[in-house]
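What follows is one structure encoded as structure tokens, with my remarks underneath.
Residue numbers (this note's numbering): 75 to 1037.
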């Protein structure tokens, strides 16, 4: 039993030793700094492993940095000054192994460096030098002989005497002992004789002799190498620590290995596809135009519409946004319409891709909108980055290629503006993380590239973490001016926070490629390609925004906060990316709006109000800015100012009167954030939603009544103003967003300011024209077939309108239809079978309406119409005549009924009140004997009052309230 136990123990010990030995002899996979940091501080490294680590350091950091660190570093017990890399380089074992390796490498190359020549061993070195030269010479001679013999053999076997004659001279020494019966001098002038006399068996013997000599040479070379190894061992064992220095090892092989590793990693990643424009074919476009042009009237309308497009291209903003399309349109005769062939489609799509950059670089923007040079640079940086990112995604770059492209691009190295500085820092950090924090997993004997997870980074020991930070600073120090990693060494809390930051970025980057792969799979499918790929592309842009938002490490290191200025830069950068997100999903109007929103954001003065506009309310002028609401009388004399304080979810309104005889008032709304979401549902103080507010705060009705009484407005308007103040204090997204939100919750009385400056007026006009033209071109590109294209052209040439749009205009002229009922008085005109009478009738006139709206929160709409036909007459035929006096047949001529009406639009409804005078055409009447009774064109005049529905058909001309 004891013997068995001892044998078992011996087997276990031997097994463990073999395992340890196998671990020590295991080849190190030093793909990046992460791998290097895990082994550089290990104990019991073998000679080969030490050399591998050193070679990796040289490949990653460069020989100069390694040599400088080794020479300057001094061993210290102070942990704050200690360097794991420095300790490795000056460690006795490391120095011995590196020196030994360098001697062997140099001597085997025939380079006998004086610093490695022992004064007592000069004869040995001379012997090495002679041996090396002898071996090299023998090797060259044997290689040359082997090459010639093999060539001769090939030519003999192929019986190629011509090549033989061209390649060999009869005087060549190689032919000694190769001929049959003759001596070389006997055939020295005849190569063909020489060819015939060569003996193939003797040639084989000589080849075998050459092989034997090469084998002997290999053995002699191994003996030489062994002698060199013995010398190297004796040299390093004899030297003291102070005599050992890190060798200047220009390890080209290690650098090449690093390049190969990067190539393998890059090849391991799959490139994915992106969505491109899906434009109709030329045949579909032409067919669609043929369908449209079949109607002659529509053709003339289209020609008129294209004239309007040409006119809009005189707008400098539009012209610079669509330069290629403008060139094609300029070359088109004014009596022709474009056929939207391939050249048109290419020009439009090319302009859409470049449109954001074209707008940002336009002279209009430079001279009138963004005059500050630095602001203009920030605008161009934001838009250009989005454009470059869009191009790289479209060209199927994966995230690592994208990061590498931006890292190497000199355009993003220039620190010209604040956004570019942030981009430069972010790109450098992403390059470092993707290059150094990955692993290569072996799955099914295949290398798979994978970014590290937070858990893997955080699992590093503190010494390994410190090594990693030190290596990163050594390799990329010049790229990390914004963050000094050495400040976060030897600190467990900082390690945990930085690991979270790195892990968050890396997992987001990994998700980027996963989404792209999903997009590729969807594009390979057969159903709903466009819709599903659009969704995935949307996700890719969202992830890109997440990456940009997470680039600031201060969020993790400084109480989760970042500087306000940096936050603004991040938002502008995200807006630039958002522009091309909209282009990828073919929402071109939104893309143009985003560009102009970026311009407004960059131009925004933080010292000025983000919102300032006014409107009329109850014979008062109300002016709103970011801090207060001011009331003026009709002569613009100040009456009341309502300012606010927002503290701990409580809103305090301070009412200050201009009339000093009145006491100021303070009104406090508690828990305002609970009340505010319900404001948009309030349209009447008698509604259930208003009662609900009082359930949330039993003082609400009393407080809002005080506001209404003091401001002399109704409660609903008081709620709207309270809502505005809340939004201004809690929403930082600018004027446009707040205006859109206010309109969406029913505060339609809010009006844009009057623009006194010409530039402001032109800006609105040019922007409006840009959006309309962008919408048209975008719809043309999105049309899938000729029928869709016909509808697109039809809708833009004859755009739909509505009573709401018409009433928002200060003045409007429309082709209009109405349907309604009226109470009418009929007066006969000349001889007729009709009698004077009162009747009810159906009215359905069609004509031209001239309308105008008052300015203010509650607009009134007035107008008059000139109508030509009235389809209601077909029904009224039976209402105004008896069956015995009037024929039953109804003719189309009866709808010709000129009339004039005065109208008033009822607020918040499509109904209008009207009073009209109409001429009624009735058929002429004959007696039984054929005598004409009435020869008048119109038999009666009808006076009517009533109500009808407003149905605008085509807007002929309009003018906005404030232009």
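Beta carbons: idealized from backbone N, C-alpha and C, even for Gly.
- request: State buried or exposed for residue 1026, treating a residue as buried only when at least 16 other CB atoms are found within 10 Å of its CB.
  value: It counts as buried.
message: Please report the distance separating the alpha-carbon of residue 913 from that of residue 1014.
response: Roughly 13 angstroms separates the two Cα atoms.
- request: Locate the alpha helix (DSSP H) running through residue 534, then write down its first and last residues.
  value: Neither: residue 534 is in no alpha helix (DSSP H) and is coded neither H nor E.
7 angstroms Cβ shell around residue 16 - same chain, five flanking residues per side excluded: Nothing about residue 16 can be reported from this structure: the residues present for the chain run from 75 to 1037 only.
message: According to DSSP, is residue 546 part of a helix, a strand, or is it coil?
response: Note: residue 546 maps to helix in three-state DSSP.
query: Of all the options 786, 792, 862 and 787, which has the alpha carbon lying nearest to the alpha carbon of residue 774?
result: 792
task: Determine the closest residue to residue 422 out of 983, 199 and 848, with distance taken between C-alpha atoms.
output: 848
- prompt: What are the boundary residues of the alpha helix (DSSP H) that includes residue 920?
  reply: That residue, residue 920, is in no alpha helix (DSSP H); its beta strand (DSSP E) goes 919-927.
message: One question on the structure: do residue 916 and residue 895 come within less than 8 angstroms of each other, judged by their Cβ atoms?
response: yes
field: C-beta atoms of residue 995 and residue 971 nearer than 8 angstroms
entry: yes
task: Look up residue 885 in the DSSP assignment and say whether it is helix, strand or coil.
output: Strand at residue 885.
- request: Keeping to the same chain, check which residues put their C-beta closer than 7 angstroms to that of residue 199; ignore five residues upstream and five downstream.
  value: For residue 199, same chain residues with a beta-carbon under 7 angstroms away, outside a window of 5 residues either side, are 186 and 191 in chain order.
According to DSSP, residues forming a beta bridge with residue 718: 727
- prompt: What does residue 801 pair with, by DSSP beta-bridge criteria?
  reply: Its beta-bridge partners do not exist; DSSP assigns none.
query: Just curious, the alpha helix (DSSP H) that residue 397 is in, first and last residue?
result: 397-404
- prompt: Just the Cα atoms here: how many angstroms apart are residue 875 and residue 1021?
  reply: 21 angstroms
field: At least 3 beta-carbon pairs within less than 8 angstroms: the region 100-114 vs the region 122-136
entry: These segments touch.
query: Beta-carbon separation of residue 746 and residue 725 under 8 angstroms?
result: yes
message: Applying the 10 Å Cβ sphere with the 16-neighbour rule, what's the burial state of residue 447?
response: exposed
query: Would residue 897 be called buried (16 or more neighbouring beta carbons within 10 Å of its own) or exposed?
result: Exposed, since its Cβ has fewer than 16 Cβ neighbours within 10 Å.
message: As a quick exercise: from 287, 838 and 742, pick the residue whose alpha carbon is nearest that of residue 796.
response: 742
query: Would you report the Cα separation of residue 127 and residue 162, rounded to the nearest angstrom?
result: 10 angstroms
- prompt: If you compare alpha carbons, which of 750, 721 and 701 is closest to residue 729?
  reply: 701
- prompt: Got a sec? Which residues, its chain only, sit under 6 angstroms from residue 819 by beta carbon, not counting five neighbours each side?
  reply: For residue 819, the pLDDT reaches just 43, beneath the cut-off of 50, and the residue's location in the model is therefore unreliable, leaving the point undetermined.
message: I'd like the span of the alpha helix (DSSP H) that includes residue 189, first residue to last.
response: Where residue 189 is concerned, there is no enclosing alpha helix (DSSP H), given that its DSSP letter is neither H nor E.
task: Pick helix, strand or coil for residue 984, following the three-state DSSP scheme.
output: coil
- request: Classify residue 464 as buried or exposed, calling it buried when 16 or more other Cβ atoms lie within 10 Å of its own Cβ.
  value: Classification for residue 464: buried.
- prompt: Smallest Cα separation from residue 737: which of 714, 862 and 748?
  reply: Nearest C-alpha to residue 737: 714.
field: Distance CB(residue 852)-CB(residue 563) smaller than 8 angstroms
entry: no
message: Please identify the residue among 940, 844 and 712 whose C-alpha is closest to the C-alpha of residue 973.
response: 940
message: Whole angstroms are fine: how far does the CA of residue 287 sit from the CA of residue 197?
response: 28 angstroms
message: Taking 7 angstroms as the cut-off, is the C-beta of residue 549 nearer than that to any heavy atom in the ligand HEM?
response: With respect to small molecules bound, the structure shown includes none, and the ligand HEM cannot be examined in it.
message: Using 8 angstroms as the threshold, is the C-beta distance between residue 672 and residue 695 below it?
response: For residue 672 and residue 695, no; Cβs fall outside 8 angstroms.
- prompt: Short check: CB of residue 302 to CB of residue 182, under 8 angstroms?
  reply: Result yes, Cβ atoms of residue 302 and residue 182 sit closer than 8 angstroms.
Buried versus exposed, by CB contacts within 10 Å (16 or more), residue 308: For residue 308, the number of other beta carbons within 10 angstroms of its own is below 16, and it is reported as exposed.
- prompt: Apart from the five residues just before and just after residue 984, which ones in its own chain have a Cβ nearer than 6 angstroms to its Cβ?
  reply: 877, 1023 and 1024
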